[in-house]
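Right, one structure below, let's go through it.
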Amino acid sequence: MRSARIAPWTRGSDAEHATSAAVRLRYRQRVRRVAIVLLLLLGPACAPATPDNAAVERDYAEHRSTVEVTAEGVVTNVLADDSGPSGTHQRFIIRLAGGTQTVLVDNNVTIGHRAPVAADDDVIVHGEYVWNDQGGLIHFTHHDPAPAHEGGWIELRGVRYQ
183 MRSARIAPWT RGSDAEHATS AAVRLRYRQR VRRVAIVLLL LLGPACAPAT PDNAAVERDY
243 AEHRSTVEVT AEGVVTNVLA DDSGPSGTHQ RFIIRLAGGT QTVLVDNNVT IGHRAPVAAD
303 DDVIVHGEYV WNDQGGLIHF THHDPAPAHE GGWIELRGVR YQ
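First residue of the sequence shown: 183, per the working numbering; consecutive thereafter.
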């Protein structure tokens, strides 16, 4: 005589089914809570950086360096590329919007992409500010291949170069 086959989902007692259903429900609730916490913590990091020229001006006035900044300005001068041990750098000077301070932008095109800037172009630049007596410079305007640094970029006419 053959024994009757029992479907896998019908094996066990009703109490076992209720217990495993409760465990699955608690697990799903925990996963949802973790997802919500991650969204709350990481959501602002995914938002686009907003230009804060006042912060750059404060960094200059207080001689601060190695500060992540986002600055908006007009290209006043496009300089010749500079080659060094860390690669070729595209260089241009911007005048911060709403002010008189100028900042050198030093964009490593060996790692990132060249932004096709010209004099009088409006740009937004995100990178690391380094103080100098001429207004400072912004570098790390590219992705970081060694994720030890926040990635930077140059935005020109709505296109972001990283």
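Ideal Cβ placement from N, Cα and C applies to all residues, glycine included.
These figures come from a predicted structure and were not determined experimentally.
Ile-336 is bridged by DSSP to Val-307, Tyr-343. Counted as a single uninterrupted DSSP element, the alpha helix (DSSP H) harbouring Glu-239 occupies residues 235-243.
A residue is called buried when at least 16 other Cβ atoms come within 10 angstroms of its Cβ; His-245 does not meet this threshold and is exposed. In this structure, Asp-288 lies away from His-331, with their beta-carbon atoms at least 9 Å apart. As computed with DSSP, Ala-253 is found in a beta bridge with Val-307. A straight line joining the alpha-carbon of Phe-274 with that of Ala-253 spans about 14 Å. Within 10 angstroms of the beta-carbon of Val-257 lie 16 or more other beta-carbons, which makes it buried.
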